[in-house]
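The sequence shown maps to residues 1 to 163 in UniProt numbering. Remarks on the structure that follows.
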Amino acid sequence: MYRAYDPSLYSLSKVGACFMMVLFGRSLSPSQFARSTLRLCGFVTFILRSTNLEEVVLFLALHLLLRLRWRYPSHTVDSCQRAFLAAYMLSSKVLLDHCYSTKAWRRVTGDMYSLQDINDMERALCSLLEWDINVRATTMTSFREALLREFGTLCVKNRGFHT
């Protein structure tokens, strides 16, 4: 299930982590922001490598998190990892014919979360988004391009990441 090191996968993880930290980590100091972004990047890389799902699943997950921020601009997220995992699981169910079971997601996370936690995270995200989880293909294409353009350079230049 786990695939070898892939530089493009790590680059996508950096983009995703930077985007999520900009969405949810605004109250952090610059040093906290950098440390949190690195930890989140490691988690995202681990999940992407463990699942080996299509790239579009990541971008739909990030789009769902953006929708969450739009709906609740002042809402704080306790854990970007939990928010990402819920959005990534949900995105895989929306986009793919065959998706992981809850038990498989628990294994993917290295048993970091219980089955109940995983179910609760997913249910909470669906509820907060009022089940508005579909995105048009053209929107996804534009969103992907914008993220890669904006956050690809932001992560490398301004947050201490190296390519």
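In this text, a Cβ means the ideal position worked out from N, Cα and C, and glycines have one as well. Being a predicted model, the structure only gives us computed values, none of them experimental.
Residue interval of the alpha helix (DSSP H) (run including residue i)
| i | result |
| --- | --- |
| Val-42 | Looking at the sequence shown, residue 42 is not Val but Gly. Here the alpha helix (DSSP H) through Gly-42 covers 30–51. |
| Ser-74 | Taken as a continuous stretch (DSSP letters only), Ser-74 belongs to no alpha helix (DSSP H), as it is neither H nor E. |
| Trp-105 | 102–108 |
| residue 191 | The chain is shown only over 1 to 163; residue 191 falls outside these bounds and no answer can be derived. |
| residue 166 | This structure leaves residue 166 out entirely; the chain is present only between 1 and 163. |
Beta-carbon gap between residue i and residue j smaller than 9 Å
| i | j | result |
| --- | --- | --- |
| Gly-25 | Cys-80 | yes |
| Ile-47 | Leu-85 | yes |
| Asp-111 | Arg-82 | no |
| Thr-51 | Ser-11 | no |
| Val-135 | Leu-96 | no |
| Leu-23 | Arg-69 | yes |
| Tyr-113 | Arg-106 | yes |
| Thr-138 | Asn-119 | no |
Rounded Cβ spacing between residue i and residue j (contact assumed at less than 8 Å)
| i | j | result |
| --- | --- | --- |
| Leu-129 | Arg-67 | 6 Å |
| Phe-59 | Leu-147 | 7 Å |
| Leu-40 | Ala-17 | 4 Å |
| Ser-13 | Val-44 | 4 Å |
| Leu-64 | Leu-90 | 6 Å |
| Met-21 | Ser-31 | Their Cβ separation, rounded to whole angstroms, is 13 Å, which puts Met-21 and Ser-31 out of contact at 8 Å. |
| Ala-61 | Ala-87 | 4 Å |
| Val-15 | Phe-151 | 5 Å |
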